[in-house]
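Here the structure is laid out as structure tokens; the discussion comes afterwards.
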Amino acid sequence: MIIIEELKKSFGPNEILKGVNWKQVRGDLAVIIGPSGCGKSTFLRCLNQLETFDSGKISIDGIVIDHTGQKNSTTEEKKRVLELRRTVGMVFQNFNLFPHMTVLGNIIEGPIQIKKTPKDEAETIAIELLKKVGLQERANFYPSQLSGGQQQRVAIARALAMKPKVMLFDEPTSALDPQLVDEVLYVMKEVAEEGMTMLVVTHEMNFARDVSDQVIFFHSGKIEEFGPPEKIFTEPDSPKTREFLKKHLSSNSKN
Numbered sequence: 004m005i006i007i008e009e010l011k012k013s014f015g016p017n018e019i020l021k022g023v024n025w026k027q028v029r030g031d032l033a034v035i036i037g038p039s040g041c042g043k044s045t046f047l048r049c050l051n052q053l054e055t056f057d058s059g060k061i062s063i064d065g066i067v068i069d070h071t072g073q074k075n076s077t078t079e080e081k082k083r084v085l086e087l088r089r090t091v092g093m094v095f096q097n098f099n100l101f102p103h104m105t106v107l108g109n110i111i112e113g114p115i116q117i118k119k120t121p122k123d124e125a126e127t128i129a130i131e132l133l134k135k136v137g138l139q140e141r142a143n144f145y146p147s148q149l150s151g152g153q154q155q156r157v158a159i160a161r162a163l164a165m166k167p168k169v170m171l172f173d174e175p176t177s178a179l180d181p182q183l184v185d186e187v188l189y190v191m192k193e194v195a196e197e198g199m200t201m202l203v204v205t206h207e208m209n210f211a212r213d214v215s216d217q218v219i220f221f222h223s224g225k226i227e228e229f230g231p232p233e234k235i236f237t238e239p240d241s242p243k244t245r246e247f248l249k250k251h252l253s254s255n256s257k258n
């Protein structure tokens, strides 16, 4: 479903991604962990082309963006980028809802404008998704009238309304008060159980351990180590992984 080859990205002189390789089968949930500044969020943003990578190749559900040779901005590549963005949904740290639109308006905007879905059909889909995330009674509320957890659940519904094949989550609970985290993680678990292919950047170690199929440890712009959660959390091979987990698991237990 996802094939990443030698992905590199720099901002000026700072090399953020240093040749990342990754393969993920359809329906798997992979969680990305690692210290701040190691390239996790940049990696996700390259996958849906919010950031243009410098070199390498990505393939998602057969859609290929290839910068292994001479870079170009041909019409054909622009079409592939648009197709990729329709295939990949993304949920951000800070919700990114339109403040002037209702919850329903936020969810139907993408399907109507991008996929040309008729409004009544888009609204029917939106109401079903609001039921899924437990917010059907908030359809006519505005984002400012919702808690952070509710806004993030709306953001998940909005991404799902585009019927993506892959969902990317960039630290979706980091902007939430601790008491609101579980309601968002619960919705994410439900989406995963329905077979969605997911890549999740998170600091929620219990979620990574209990729900993921694969755990990826990022360090200094590369994948330092990956494996099933029982391996990474109990017998990691890399000293860097062990050091990171020792720090974060002890901090979680204190909380």
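According to the working numbering, the sequence shown holds residues 4 to 258 in order. Yeah, the Cβ is synthetic: ideal placement off N, Cα and C, and Gly gets one too. Quick caveat: nothing in here was measured; it's all calculated off a predicted structure.
query                                                                                                                      : result
For S13 and D69, believed in contact at Cβ under 8 Å, the rounded distance                                                 : That belief does not hold up - the Cβ atoms of D69 and S13 are roughly 18 Å apart, past 8 Å.
Cβ contact (3+ pairs, closer than 8 Å) linking the segment 210-223 and the segment 29-38                                   : yes
Distance between beta carbons of D173 and M93, contact taken as under 8 Å                                                  : 7 Å
Paired residues, beta bridge with L202 - DSSP                                                                              : A33, L171
Per-residue DSSP class, three states only, for N109                                                                        : helix
Cα-Cα separation between M170 and A162, rounded to whole angstroms                                                         : 8 Å
Neighbourhood of A142 by C-beta, 8 Å cutoff - its chain only, sequence neighbours within 5 removed                         : T105, V106, L107, A129, I130, L133
Between the CA atoms of K119 and V203 - distance to the nearest angstrom                                                   : 29 Å
Straight-line gap, R48 to E54 (C-alpha atoms, nearest Å)                                                                   : 5 Å
Residues that E233 bridges to, as DSSP identifies them                                                                     : Beta-bridge pairing links E233 to no other residue.
Cβ shell of Q52 (< 8 Å), same chain only, five flanking positions each side left out                                       : I68, V84, L87, R88
Exposed unless 16 or more other CB atoms sit within 10 angstroms - verdict on K81                                          : exposed
Close beta carbons around N258, own chain, < 6 Å, minus the five adjacent residues each side                               : The pLDDT assigned to N258 is 48, lower than 50, so where the model puts this residue is not dependable; a value taken from the coordinates is nonetheless given after this. Closer than 6 Å at Cβ, skipping near neighbours: no residue.
A178 beta carbon less than 7 Å from that of N97                                                                            : yes
Straight-line Cα distance separating D123 from S256                                                                        : For S256, the pLDDT reaches just 48, beneath the cut-off of 50, and the residue's location in the model is therefore unreliable, although a value from the coordinates is still provided. If you take the alpha carbons of S256 and D123, they lie about 48 Å apart.
Host beta strand (DSSP E) of S58 (start-end)                                                                               : 58-63
Of the listed residues G15, I66, D213, nearest to M4 (C-alpha basis)                                                       : I66
Presumed contact (8 Å Cβ cut-off) between L20 and G42, rounded CB distance                                                 : 5 Å
For K250, three-class secondary structure by DSSP                                                                          : helix
Alpha-carbon to alpha-carbon, F101 and V157                                                                                : 11 Å
Length of the line joining the Cα atoms of P239 and P175                                                                   : 25 Å
Residues near P114 in its chain [Cβ-Cβ closer than 6 Å; skip 5 each side]                                                  : T120, A125, A164
DSSP beta-bridge partners of S13                                                                                           : E18
Spatially closest choice to G59 from G15, F144, V23, G152, by CA coordinates                                               : V23
Chain-order list of residues whose beta-carbon lies under 6 Å from that of M201 (same chain, five-residue window excluded) : L32, M170, A195
Limits of the unbroken beta strand (DSSP E) element including Q217                                                         : 217-222
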